[in-house]
Amino acid sequence: MRRDDDRGIALVTVIGLGMVLVLLSATIVSVAVSGLTKSANDADASAALSAAYAGIEDYQSKLQNNNAYPLFGVKGSSFSASSNFPKGADDNPAFGYLPDDGDADRLDGDGWKAVTPDRAAEYRYEVDNSQYYGTGVLRVRATGRVGEVTRSVVADLKQDGFINYLYFTDYELLDPDQGTTPEARACVPTRDWEQAHDVPACTELYFDPNSVFDGPVRTNDTMVVCNSKFKSAVMTAYTPLRAGDRNYKISSLANCGAPVNNQPVSVDKLPMPATNQSLLQETRSDLQDSTVPRPGCLYTGPTSIVLLDNGKMTVRSPWTKATQIVGDPAIGGSTPAACGTVGTGANQLGSTAGQTLDVPQNNVIFVQDVTRTPSNAATTPDPNDWKNGDFPWYDTAKSSSYCSGQLRTGTGKVTTTGNGVGYPRIGETPPSTSSTDPSYGCERADVFVEGTLKGNLTIGAENYVYITDDITYKNPDSDVLGLVGQQAVQIYNPVTSCTQNSRTLAWSGTYLEPGRTDRLVSAAILSVGHTFTVQNYQCGLRGNLQVTGSIAQKFRGAVGTGNGTTTASGYTKVYGYDKRLRYTAPPKFLNPVSTSYGVSRMTESKTAFTPKGREIR
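Residue 361 in this note's numbering is what sits at position 378 of the sequence shown, and the numbering runs on without skipping anything.
Here is the structure:
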């Protein structure tokens, strides 16, 4: 029998249990809703980051399709405030600053580019091109937006250029200019994989086992190897027709075999530019509001440059009249103090001691040929033109001239005709004494470089670049040098005599500096029309040629001779890649005709914009 007082207790218990169930249900619903919200936010955050990456890829594609795209952009944010965009925004909504589109959810001047047609994911980006003119690097900050979530990434973009490789060639052939027979000099260059048979007149060179390549190697031709030592990636534009066939050749010399370390992989051809005249354009003072915000220095005729470890350089350039120009072709010019004082007086460019100047930091020096106009011409449009019959002089007494007569030394000894900046040296037998194309032509755009660089600089020449002594960096972590010759880039290696036995074909000779052996060069080197080579390499054994940087050339250049086992004359290659060139470049260094921009660095950054398009500073 139930007692009346038990019914009250039961009611309280039921009510209590009901309240617990209600609270538990509410908690479960709250947790579920919270989980859904967090899940949605996580999904939006992930999608926003993907949209930011899509922005980087979009900008890369625009660079690929338009070489001038680094000049497009908007200076609307702090990220791009120091940039210069002479070509405007290109109607690109991703630059982020567009007129109001009427959408109430968007602020005036707010622009985003859709990843998908429904605009569920969008991006915008800003460009910092302030370092592009100096190092070739573009910085891009892209922000992705999905719903009310934004995320940003920053990427450094750099072209796939010649400096990405320790060693690059267009042809795996000896430069015809270095041929020792009329047939070899008549060589018509053809890539091995592009021809049906060998061209006998052309001389193939091989990668010998004594040379060490400590960096990536690439060629547009087919490699010939002999137990070659490649410590990094090796690439060739040759793709065999049949799968499984070798994409390289093994030298016919005795005991030659495949590369010791890395095997070549097949890649696309990397086309070389026809000239280095784009460097001349970098000395124009009339383009400061567009493509040349900081003009470099122009010198005319034979020019010597000695780099000093205090950030200065000593320049001798007696033919120079204007060190910056206006127009293409030049119709005017100027002589800014930073590039030197023209003339032959003391501490001027034309004096025997030259002039000591600050290195033009993050800039270009270009050396051009002397040009002539008729002596009766009323005007000379090019400010560096010389009238026929006119020559610069060492001093007011005109004791020595250029291109005629002979140069006298302090001892009174008469030497051969010189180029006005000390070459050929006393006692030197020039490699060529041809009347039509002599070595050290007195009106040619040859530049003679040596010393220790403090800073970032590119030196280009319309003719030859001669490396007359070691070239090193004051600070190997920050200094960088580019050397760009239209003709060959040569290691200066003078001889007093060097002859070939007509019967045995063996060479014998005497070096002007017999005690001078190993050489050290730190630079990114490019020969647009010819090669990187050593003068008189066949005239005796010289030691090691250590290059730290990169070497790009149209043809292979000989630096020594050997039998596949030992070096018989010239230098043994010891080439090492300057890994900094993956991320930076010498100022305004030449790039391939057609190339792509790769990401050298990328990281997520602090979010740059709110979903409404306001910059977060």
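Beta carbons: idealized from backbone N, C-alpha and C, even for Gly. Just so we're clear, the structure is a prediction, and the values are computed from it rather than from any experiment.
Distance check between leucine 495 and each of Ser533, Pro413 and Arg563 places Pro413 closest, using alpha-carbon atoms only. Going by DSSP, alanine 320 is part of no beta strand (DSSP E) at all; its letter is neither H nor E. Shortest Cα-Cα distance from glutamine 521 to any of Ser300, Ser491, Gly403 and Gln469 involves Ser491.
Closest by C-alpha distance to aspartate 191, out of Gln351, Ala551 and Leu262, is Ala551. Annotation: the continuous beta strand (DSSP E) that includes arginine 584 extends over 580 to 588.
Note on the region 233 to 266: whole alpha helix (DSSP H) runs with a minimum of 4 residues are 261 to 264, in chain order.
Going by DSSP, tyrosine 449 is part of the beta strand (DSSP E) stretching over 448 to 456. For the pair alanine 428 and glycine 323, the CB atoms are not nearer than the 8 Å cut-off. A check of alpha carbon separations from threonine 441 across Asp41, Ala72, Glu177 and Ser505 identifies Ser505 as the nearest. For cysteine 185, the secondary structure class from DSSP, reduced to helix, strand or coil, is coil. Minimum Cα-Cα distance from tyrosine 150 among the listed residues Gly540, Phe431, Ala184 and Thr222 corresponds to Gly540. Contact annotation: the region 326 to 342 touches the region 296 to 303, with at least three C-beta pairs closer than 8 Å.
Looking from the CA of valine 243, the closest CA among Gly127, Leu573 and Ser215 belongs to Ser215.
Contact annotation: alanine 138 and valine 120 have beta-carbon atoms that are not nearer than 8 Å.
Beta-bridge annotation (DSSP): lysine 96 is paired with Tyr106. DSSP, read as helix, strand or coil, puts tryptophan 302 in coil. Around threonine 455, the same chain offers Thr435, Leu503 and Ser505 as residues with beta carbons nearer than 7 Å, after the five sequence neighbours per side are excluded. Straight through space, the alpha carbons of leucine 332 and threonine 303 are spaced by roughly 8 Å. For the pair threonine 258 and valine 511, the CB atoms are nearer than the 8 Å cut-off. For alanine 167, no beta strand (DSSP E) encloses it; the enclosing alpha helix (DSSP H) starts and ends at 165 to 168. Looking at the DSSP output, phenylalanine 515 shares a beta bridge with Val472.
DSSP places glycine 532 in the uninterrupted beta strand (DSSP E) bounded by 524 to 536.
Spanning the alpha carbons of glutamate 587 and arginine 134 requires a straight line of approximately 8 Å.
Considering only Asp73, Ala104, Thr163 and Tyr231, the residue with the shortest C-alpha distance to tyrosine 36 is Ala104.
For tyrosine 115, the CB contacts under 7 Å within the same chain, skipping 5 residues up- and downstream, are Pro53 and Leu121 in chain order.
Approximately 7 Å separates the beta-carbon atoms of leucine 253 and arginine 201; this is inside 8 Å, confirming the contact. One alpha carbon belongs to threonine 516, the other to glutamine 307, and they sit about 31 Å apart. The straight-line gap separating the alpha-carbon atoms of threonine 593 and isoleucine 599 is approximately 7 Å. Taking a C-beta distance under 8 Å as the contact criterion, glutamate 166 and methionine 206 do not qualify as a contact pair.
For tyrosine 558, the enclosing beta strand (DSSP E) starts and ends at 550 to 560. In the three-state DSSP reduction, threonine 441 falls in the strand class (E or B). With a threshold of 16 other beta carbon atoms within 10 Å, glycine 468 meets it and is buried. Between alanine 360 and proline 343, the CB-CB gap reaches or exceeds 8 Å. For valine 576, same chain residues with a beta-carbon under 6 Å away, outside a window of 5 residues either side, are Pro254 and Pro256 in chain order.
Here leucine 262 has Val347, Phe349 and Gly443 as same chain residues with Cβ atoms under 6 Å from its own Cβ, once five neighbours each way along the sequence are excluded. Considering only Gly56, Val208, Tyr106 and Leu290, the residue with the shortest C-alpha distance to lysine 457 is Leu290.
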